[in-house]
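Going by mature numbering (1 follows the signal peptide of the UniProt record, and there is no 0), the letters in the sequence shown line up with residues -20 to -1, 1 to 117, in that order. In what follows, a structure is listed as structure tokens, so that the remarks can point back to it.
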Amino acid sequence: MKKRLLAPLVLTALFFAACGGGEKKADQQTDKPAQENNAVDNSMVSPGADKPASKGEQLMAQSDCKTCHKEEIKVIGPALKDIAGKYPNTPENVDKLSDKIIKGGSGNWGEVAMLPHPNISKEDAKEMVQYILSVGK
Ligand code: HEC
């Protein structure tokens, strides 16, 4: 009888001991990344400062483009570097792509359509295309 009672007690003790150990570890882990994040934050501010964004990049940041387009990965629209890989930077392509930004549409990358941007001027759209076609090159 006595032995049977003892076993669950020992197990319970072990269980708590294990948990206690785990908590300590978690504490140490949460302390560290916080410090590392601070270091990363600081280092990211300075390289961006001496490399100003191009006009097209700024225009895209002010519009809704980044909701659907990222530089490296496909989101809803194709990745900017994939667009740059598909179209050589010729006056015809810049013209065609800036029209597409203004009018929207689908078919070149799949079924999903890009929203039209009737408020963007042709000049601004061309600046954006110049930036897009330079991504990854
Ligand atoms: C609602 C999501 C969405 C937004 C917002 C969006 N796009 Fe797109 N974009 C797409 C999709 C989807 C495609 C692929 C269209 C296709 O298959 O022809 C695309 C394609 C493109 C292409 C390639 C066109 C082609 O025919 O190959 C360019 C250039 C482009 N977008 C630029 C922009 C710019 C600049 C903006 C901001 C002014 C913008 N996009 C905003 C979804 C979006």
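Beta carbons: idealized from backbone N, C-alpha and C, even for Gly.
For Asp62, the enclosing alpha helix (DSSP H) covers residues 60 to 66.
For Ala105, the number of other beta carbons within 10 angstroms of its own is at least 16, and it is reported as buried.
Going by C-alpha positions, Ile53 is about 5 Å away from Ala59.
A direct Cα-Cα distance of roughly 18 Å separates Lys83 from Pro71. DSSP places Gly36 inside the alpha helix (DSSP H), whose first and last residues are 35 to 42. In terms of Cβ geometry, Ile100 and Ser43 form a close pair [threshold 8 Å]. With a threshold of 7 Å, the Cβ atom of Thr47 counts as near the ligand HEC, since some heavy atom of the ligand is closer than that.
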